[in-house]
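First up is the structure itself, then whatever we jot down about it.
Chains as they are written, first to last, in full-length UniProt numbering: chain H, 1 to 195; chain W, 1 to 195.
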């Protein structure tokens, strides 16, 4: 592929990710229609499948971007904070709650995208995920300086999943819906226990 | 409504819940078709909407049944167990993981059913939910004998949501998927911290 063609393909990929992201933010994953994307991007329908293997790959690109945003946001939330590790975990979790409440559709898309067990998770996706997890394993390694790497990894996933569960069910009133202030209390009650 | 008519309506409701439950277990929430239900129940399509206000109400009935099963299963898992409260919470959580792994579609339906914020959550549903939560608040009140009722309720929801999050993301490989044995470790790592 010549440099010019590659650059054009990359520009189209970017544009399609922008458009899909905006549509998911507005109406959720299921509202994305390839035909609309092509129209808005000013390309032929087939060009989408030249830029991305399928719509699933396009959604993964949007989700990867959201994961990176989350990682950056988590890091920024404690950037200038002088506080112990538990307190920093709580601050990051509250930032996570804020992100989920304000970007509910983009946030849900990260978890609602169904993948068959045969699908390969792309490497860049795992990198974005690892970047997000590093924000948690840092403070955790201060709480548990002697913990081995594998246990630290499991504890990191355990806490991320826990906070995710509290935010998820807390934002949905039919299971355990409570006002956002209560969600914050539930998060800090849990994270203060980690010692 | 005469007693006979009411009994017939109740029998049809039961049959429809049975059929919807079986279909959800097989193919998930989205696979349920009113036309198929009517055919299998041997009734007219309109009779479904005489028995239930809408399909949403039917799904809620299935989910309520699943919640009750979960509550009973949680209670049974620690029935003959002589162990401290943390250990009992861990045993119940492992039962929850087992249920989710074996009845994934029914379990997901409890959380995937979308409800607008205007929808009323029926009282019997909240009762089933409270029954499930009681299994958690019991051991918790042993760990925190002096905790006030509101904090105990929030801590109960916090832990249920946490274990749910660990099970949910653990069973899905793209986020934090790990083998079931690791999911158990993640659960017990967290619950041993509660003190």
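Ideal Cβ placement from N, Cα and C applies to all residues, glycine included.
Are the CB atoms of residue 161/W and residue 165/H nearer to each other than 7 Å? Contact check for residue 161/W against residue 165/H passes: the beta carbons are separated by less than 7 Å.
Taking Cβ-Cβ distances below 7 Å as the criterion, which residues of the stretch 1–30 of chain W are in contact with chain H? none
Rounded Cβ spacing between residue 167/W and residue 97/W (contact assumed at less than 8 Å): 5 Å
Under the three-state reduction of DSSP, which class applies to residue 67/W: helix, strand or coil? Note: residue 67/W maps to helix in three-state DSSP.
Counting only beta-carbon atoms, is residue 165/H nearer than 7 Å to chain W? yes
Residues of the stretch 53–84 of chain W with a CB closer than 8 Å to any CB of chain H: list them in chain order, please. none
Partner residues on chain W for residue 194/H, Cβ-Cβ distance less than 7 Å: Taking a Cβ-Cβ cut-off of 7 Å, the neighbours of residue 194/H in chain W comprise 193, given in sequence order.
Could you tell me how far apart the beta carbons of residue 73/W and residue 101/W are, in whole angstroms, since I believe they sit closer than 8 Å? The Cβ separation is near 13 Å, so there is no contact.
Excluding sequence positions up to five away, which residues of its chain have a Cβ less than 8 Å from the Cβ of residue 38/W? 44, 45, 47, 48
Thinking residue 88/W and residue 139/W are a contact (beta carbons under 8 Å), I'd like their distance in whole angstroms, please. 5 Å
For residue 133/H, name the three-state secondary structure that DSSP assigns. Residue state, collapsed to three classes: helix.
Given a cut-off of 7 Å, decide if residue 190/W and residue 151/H are closer than it, judged by their beta-carbon atoms. no
Nearest chain W C-beta to residue 154/H closer than 7 Å, yes or no? Yes, contact with chain W.
Going along the chain, which residues of the stretch 83–106 of chain W sit with their C-beta nearer than 8 Å to a C-beta in chain H? Under the 8 Å Cβ criterion, the stretch 83–106 of chain W contributes no residue.
Any Cβ of chain H within less than 7 Å of the Cβ of residue 189/W? Yes, residue 189/W counts as interfacial toward chain H.
How many whole angstroms separate the CB atoms of residue 185/H and residue 129/W, which I take to be in contact at a CB cut-off of 8 Å? Wrong, their Cβ atoms sit about 19 Å apart, outside the cutoff.
Once you ignore the five residues that flank residue 113/H on each side, which residues in its own chain have a CB closer than 8 Å to its CB? For residue 113/H, where only same-chain residues beyond five positions count, the Cβ hits under 8 Å are 29, 56, 59, 60, 63.
Alpha-carbon to alpha-carbon, residue 84/W and residue 146/W: 17 Å
Closer than 7 Å, CB to CB, is residue 141/W near chain H or not? Using a CB distance cut-off of 7 Å, residue 141/W does not count as an interface residue toward chain H.
Looking at residue 135/H: is its Cβ nearer than 7 Å to the Cβ of residue 75/H? Less than 7 Å separates the beta-carbon of residue 135/H from that of residue 75/H.
Report the three-state DSSP secondary structure of residue 195/W (helix, strand or coil). In the structure shown, residue 195/W adopts coil according to DSSP, grouped into three states.
Quick check: is the beta carbon of residue 185/H nearer than 7 Å to any beta carbon in chain W? With 7 Å as the cut-off, residue 185/H counts as an interface residue toward chain W.
On the premise that residue 143/H lies in contact with residue 187/H, defined as a C-beta separation below 8 Å, what is that separation, rounded to the nearest angstrom? Not a contact, Cβ separation roughly 16 Å.
Note down, in chain order, every chain W residue with its Cβ under 8 Å from the Cβ of residue 39/H. The contacting residues do not exist; residue 39/H stays about 27 Å from chain W at best.
Could you tell me the distance, in whole angstroms, from the CA atom of residue 6/W to the CA atom of residue 13/W? 10 Å
Within its chain, find whatever has a CB closer than 8 Å to the CB of residue 198/W; leave out the 5 residues flanking it on each side and keep chain order. A question about residue 198/W goes unanswered here, because the residues of chain W that appear run from 1 up to 195.
Cutoff 7 Å; reference residue 125/H; Cβ partners in own chain excluding five residues on either side: 60, 64
Where are the alpha helix (DSSP H) runs, 4 residues long or more, that stay fully inside the stretch 20–74 of chain H, in chain order? 34–41, 45–51
Since residue 33/W meets chain B, which of its residues come closer than 7 Å, beta carbon to beta carbon? Absence of chain B from the displayed structure is noted, the protein chains being H and W.
List the whole-angstrom C-beta distance separating residue 41/W from residue 15/W, where the pair is believed to meet the contact cut-off of C-beta under 8 Å. 5 Å
Would you give the residue range spanned by the alpha helix (DSSP H) that residue 163/H belongs to? 149–170
Between 27/W, 78/W, 133/W, which lies nearest to residue 109/W when the distance is taken from Cα to Cα? For residue 109/W, the closest of 27/W, 78/W, 133/W by C-alpha to C-alpha distance is 27/W.
Residues near residue 133/W by beta carbon distance below 6 Å, same chain, minus five either side: 156
Start-to-end residues for the alpha helix (DSSP H) that takes in residue 103/W: Where residue 103/W is concerned, there is no enclosing alpha helix (DSSP H), given that its DSSP letter is neither H nor E.
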